[in-house]
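Colleague: Once you've had a glance at the structure underneath, I'll fire off some questions.
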Amino acid sequence: MDPKKPRDSAESESARGAAQFPDEVLERVLSLLASHKDRSAVSLVSKAWYHAERWSRRRVFIGNCYSVTPEIVARRFPNIRSVTLKGKPRFSDFNLVPQNWGADIRSWLAVFADRYPFLEELRLKRMTVTDESLKFLALKFQNFRALSLLSCDGFSTNGLAAIATRCRNLTELDIQENGIDDISGDWLSCFPENFTSLEVLNFASLSSDVEFDALERLVSRCNSLKVLKVNRTITLDQLQRLLVRAPRLTELGTGSFLQELNAHQYSELERAFGGCKNLHTLSGLCEAMALYLPVLYPACANLTFLNLNDAALQHEELAKLLLHCPCLQRLWVLDTVGDDGLEAVALNCPWLEELRVFPANPFDEEVNHGVSESGFLAVSYGCRRLHYVLYFCRQMTNAAVATIVQNCPDFTHFRLCIMNPGQPDYVTNEPMDEAFGAVVKTCTKLQRLAVSGLLTDLTFEYIGRYAKNLETLSVAFAGSSDWAMQCVLGGCPKLRKLEIRDCPFGNAALLSGLEKYESMRSLWMSACKVTMNGCEVLARERPRLNVEVMKDEESSDGQQYKVYVYRTVAGPRRDAPPFVLTL
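Mapping the sequence shown onto this note's numbering, position 451 (from 1) lands on 441, and the numbers just tick up by one.
In structure tokens form, the structure reads like this:
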């Protein structure tokens, strides 16, 4: 949300002319704008446009739940139907944010119940959501339609049961990667027998056995179901029965593939997949067995997204599967496919735009399998449309990265994660500075960058000099001095999020961003050399920022801090726990 007011003095003649449109015409025109950024921009044209945008806005995105209060949001936009809200910093995914830090949805729901009783959609990420909050949501919003919870915590399947019981118009229930207390699968039986509106159902991340008969009846009733992602307790035999009842699926997440099938069961499953003519996204395949992968082939012709993050396939199995996926644009795999598997990607996926390679055993340093620069190079030669990569590996070279970005210069997201901190170019033993220098020099559209390996300040000089469109930068175990961070803060005009851990950056680095932080969404620093005095100076010089400090209990001397800095129009938050000091 942008707190800026309309710039009346800067109105152009055309803007003044447009402002004469009747309100209903202007609101109708603005309602056609889908982008949050576009809508924020047009609200600055004039007072008339500001008010028209205010009244016609139906969706709002809030990237930090503490950047604004729900009361301010409700005053600014009185007719919201859909809210997307993010809570904890991203490093909470790596257990770097303490338990009970905050980001509870309760205060937001209380205001929404009063001001937005017509709310239809709520999409939360890294928020704390209790069962009581889910029950409140189900009771207060009579026309509620869509709930998406991603990386949230605090609730159980009892809360899902309340949603299933009371939200009679629900079209979407999307539960992903949450810290949920998975009590039982009985919640699926709470959907009323006359309930038929569901279009999206995702409970893939839940672990308990579900009541399959209830799930089967639900799928049979919901003729508009387009997305179904089940958990690994669903057997292949049960999956076949679901597919027969939901032939219109466009996205499917399967359960476990670890089951012995007789010839008849195999044939029936293959026929069921053959009936899925509209499928464009496939995921799941937990513990996939090579013997049964061919049943997927009839459904692969139109796939654009294949997520094998839960399937530890070998390169031969991946190669055979990809032969049947000529339209792939997005592919997620585990590094068990090896470099040979990535060569198969290069040969069979000319339309590929996004590749993510995850480690199967990230904490086992003795693992010999995995991927290297060889597989990455092969993909860059065969997939020239590639613009998004997340690549976990144990070795890399400067020359390889330079060649990769030369082959694929349109990267907007480049996240290279060399898993051994401080790992140099394994051929030359030089720092990896020139690798990331090549990335920022060549990829002029780059928006997100994650760096790794042995890096000196030179890497950050390159970033500050060349990464003019960079919005998010993630840094770990890198840099030589404060100068590195100073280069980034002084040279990247579009930077919005800076995430730093285990780097030798101190007060001089922190305070070099005095002129920058108010235009950014947030800064995170942990296990660095920042002191309490430096944080106090920042808070005093920039009172419109919230500067939150937490003592790093894992530091050897007890004098390291976790620092979270973010812009806000709400002032210090009211729910900070005792271990969070807001300066």
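Glycine included, every Cβ here is placed at the ideal spot set by N, Cα and C.
Since this is a predicted model, take the numbers as computed values, not measurements.
1. Going by the DSSP bridge assignment, what does Glu363 pair with across the sheet?
2. Are Cys266 and Arg222 touching if we call contact CB-CB under 8 Å?
3. Does Ser30 come out as helix, strand or coil in the three-state DSSP assignment?
4. Quick one: what does DSSP say Arg320 is sitting in, helix, strand or coil?
5. Between the alpha carbons of Thr446 and Val200, how many angstroms are there, rounded?
6. Do Cys339 and Arg374 have their C-beta atoms within less than 8 Å of each other?
7. Ignore the nearest five residues each way along the sequence and tell me which others in Arg71's own chain have a CB closer than 6 Å to its CB.
8. Can you find the residues in the same chain that come closer than 8 Å, C-beta to C-beta, to Thr393, ignoring five residues on each side of it along the sequence?
9. Quick test of your reading: Val56 and Thr432, contact by CB under 8 Å. State the CB separation rounded to the nearest angstrom.
10. Have a look at Asp(-2) and Ser30 and give me their C-alpha separation to the nearest angstrom.
11. Give the DSSP-derived three-state secondary structure of Glu111 in the structure shown.
12. Quick one: grab the DSSP three-state call for Ser214.
13. Use the C-beta contact count for Phe263: other C-beta atoms within 10 angstroms, 16 or more gives buried, fewer gives exposed.
14. Report all residues from its chain with a CB closer than 7 Å to the CB of Asp13; omit the five preceding and five following residues, and keep chain order.
15. Any beta-carbon of chain B closer than 8 Å to the one on Arg438?
16. What would DSSP say about Phe51, mapped onto helix, strand or coil?
17. Taking the alpha carbon of Asn459 as the reference point, which residue from Val429, Arg534 and Ala474 has its own alpha carbon closest?
18. Measure the Cβ-Cβ separation of Leu188 and Ile165 and say whether it is below 8 Å.
19. Going by DSSP, what residue range makes up the beta strand (DSSP E) through Thr271?
20. Can you tell me which of Leu23, Leu16, Arg530 and Asn54 puts its alpha carbon nearest to the alpha carbon of Lys37?
21. Looking at the strands, I want to know which residues DSSP matches up with Tyr556.
22. Roughly how many whole angstroms lie between the Cα atoms of Ala517 and Ser471?
23. With a cut-off of 8 Å on the beta carbons, I'd call Met409 and Arg438 a contact; round off their distance for me.
24. When the Cα of Tyr452 is compared with those of Ala425, Ser442, Glu461 and Phe467, which residue comes out closest?
25. Any idea what DSSP makes of Glu451, helix, strand or coil?
26. Would you list the residues sitting across from Glu489 in a DSSP beta bridge?
27. Take Asn297 and list the residues in its own chain whose beta-carbon comes closer than 6 Å to its own, dropping the five residues that flank it on each side.
28. From the DSSP output, read off the bridge partner residues of Phe295.
29. Confirm, please, whether the CB-CB distance from Leu444 to Met475 is below 8 Å.
30. Which residue or residues does DSSP assign as beta-bridge partners of Leu380?
31. Buried or exposed: which applies to Phe450, given that a residue is buried once 16 or more other Cβ atoms fall within 10 Å of its Cβ?
32. Go ahead and pull the three-state DSSP assignment for Ala128.
33. Excluding the five sequence neighbours on either side, which residues of its own chain have a C-beta within less than 7 Å of the C-beta of Ser362, listed in chain order?
34. Taking DSSP as the reference, what is the three-state secondary structure of Thr446?
35. Assuming Ser442 and Ala466 make a contact with CB atoms under 8 Å, what is their CB distance in whole Å?
36. By Cβ distance, which residues of its chain are closer than 6 Å to Leu248, with the 5 residues on each side in sequence left out?
Modeller: According to the structure data:
1. Residue 363 sits at position 373 when you count from the first residue of the sequence shown. Glu363 pairs with nothing; no bridge assigned.
2. For the purposes of this step, residue 266 is taken as the residue at position 276 of the sequence shown. For the purposes of this step, residue 222 is taken as the residue at position 232 of the sequence shown. Contact: no.
3. Looking up residue 30 in the sequence shown gives position 40. Looking at Ser30 - three-state DSSP - the assignment turns out to be helix.
4. Taking the sequence shown and counting its residues from 1, the one referred to as residue 320 is at position 330. Of the three classes helix, strand and coil, the one that applies to Arg320 here is strand, per DSSP.
5. Translated into the one-based positions of the sequence shown, residue 446 becomes position 456. Translated into the one-based positions of the sequence shown, residue 200 becomes position 210. When rounded, the distance between both Cα atoms is 52 Å.
6. On the sequence shown, position 349 is the one that residue 339 refers to. On the sequence shown, position 384 is the one that residue 374 refers to. No, these two residues do not count as a Cβ contact at 8 Å.
7. In the sequence shown, counting from the first residue as 1, residue 71 sits at position 81. Contacts found: Arg48 and Glu110.
8. By one-based count along the sequence shown, residue 393 stands at place 403. Counting only Cβ-Cβ distances below 8 Å, and skipping sequence neighbours, we find Leu367 and Ser370.
9. Stepping through the sequence shown from its first residue, residue 56 is reached at position 66. Stepping through the sequence shown from its first residue, residue 432 is reached at position 442. The displayed chain sequence assigns Tyr, not Val, to residue 56. Contact doesn't hold; Cβ gap of about 37 Å is too wide.
10. Within the sequence shown, residue -2 is the residue found at index 8, counting from 1. Within the sequence shown, residue 30 is the residue found at index 40, counting from 1. Unreliable positioning characterises Asp(-2) in this predicted model, as indicated by a pLDDT of 46, which lies under 50. A coordinate reading is not provided.
11. Indexing the sequence shown from 1 puts residue 111 at position 121. Here Glu111 sits in strand by DSSP.
12. On the sequence shown, residue 214 is found 224 positions in, with the first residue counted as 1. DSSP places Ser214 in coil when its eight states are reduced to three.
13. For the purposes of this step, residue 263 is taken as the residue at position 273 of the sequence shown. Its Cβ being crowded by 16 or more others within 10 Å, Phe263 is buried.
14. To locate residue 13, count along the sequence shown from 1; it is residue 23. So the qualifying residues of the chain are Ala42.
15. No chain B is part of this structure, which consists of one protein chain only.
16. If you number the sequence shown from 1, residue 51 lands on position 61. Of the three classes helix, strand and coil, the one that applies to Phe51 here is strand, per DSSP.
17. Here residue 459 refers to the residue found at position 469 of the sequence shown. It is Val429.
18. Mapped onto the sequence shown, residue 188 falls at position 198. Mapped onto the sequence shown, residue 165 falls at position 175. In this structure, Leu188 sits away from Ile165, with a CB-CB distance that is not shorter than 8 Å.
19. Residue mapping note: residue 271 aligns to position 281 of the sequence shown, counting from 1. Thr271 -> beta strand (DSSP E) spans Thr271 to Ser273.
20. Along the sequence shown, one-based indexing puts residue 37 at 47. Looking at the Cα atoms, Leu16 is the closest of the given residues.
21. Here residue 556 refers to the residue found at position 566 when the sequence shown is read from its first residue. Per DSSP, Ser512 and Asn536.
22. Taking the sequence shown and counting its residues from 1, the one referred to as residue 517 is at position 527. Taking the sequence shown and counting its residues from 1, the one referred to as residue 471 is at position 481. So the two alpha carbons sit approximately 14 Å from each other.
23. On the sequence shown, residue 409 is found 419 positions in, with the first residue counted as 1. On the sequence shown, residue 438 is found 448 positions in, with the first residue counted as 1. Contact flag wrong, Cβ pair sits at about 19 Å.
24. Locating residue 452 in the sequence shown gives position 462, counting from the first residue. Residue nearest to Tyr452 within the set Ala425, Ser442, Glu461 and Phe467 is Ala425 (criterion: CA-CA distance).
25. For the purposes of this step, residue 451 is taken as residue 461 along the sequence shown, with counting starting at 1. Three-state result, Glu451: helix.
26. Residue 489 sits at position 499 when you count from the first residue of the sequence shown. The partner list for Glu489 (beta bridge, DSSP) reads Ser464 and Trp514.
27. On the sequence shown, position 307 is the one that residue 297 refers to. So the qualifying residues of the chain are Ser273 and Trp322.
28. On the sequence shown, position 305 is the one that residue 295 refers to. The beta-bridge partner set that DSSP reports for Phe295 consists of Thr271 and Arg320.
29. For the purposes of this step, residue 475 is identified with residue 485 of the sequence shown, where counting begins at 1. For the purposes of this step, residue 444 is identified with residue 454 of the sequence shown, where counting begins at 1. Not closer than 8 Å, so no.
30. In the sequence shown, residue 380 corresponds to position 390, counting from 1. Its beta-bridge partners are Arg346 and Arg405.
31. Counting from one through the sequence shown, the residue named residue 450 turns up at place 460. With a threshold of 16 other beta carbon atoms within 10 Å, Phe450 meets it and is buried.
32. Numbered from 1 along the sequence shown, position 138 holds the residue referred to as residue 128. Reduced to three states, the DSSP call for Ala128 is helix.
33. Here the question's residue 362 lines up with position 372 in the sequence shown. Around Ser362: Asp329, Cys383 and Gln385.
34. As a working note, residue 446 is residue 456 in the sequence shown. Note: Thr446 maps to coil in three-state DSSP.
35. In the sequence shown, counting from the first residue as 1, residue 442 sits at position 452. In the sequence shown, counting from the first residue as 1, residue 466 sits at position 476. Sure, about 7 Å apart at Cβ, within 8 Å.
36. Against the sequence shown, residue 248 aligns to sequence position 258. The answer, listed in chain order, is Glu277.
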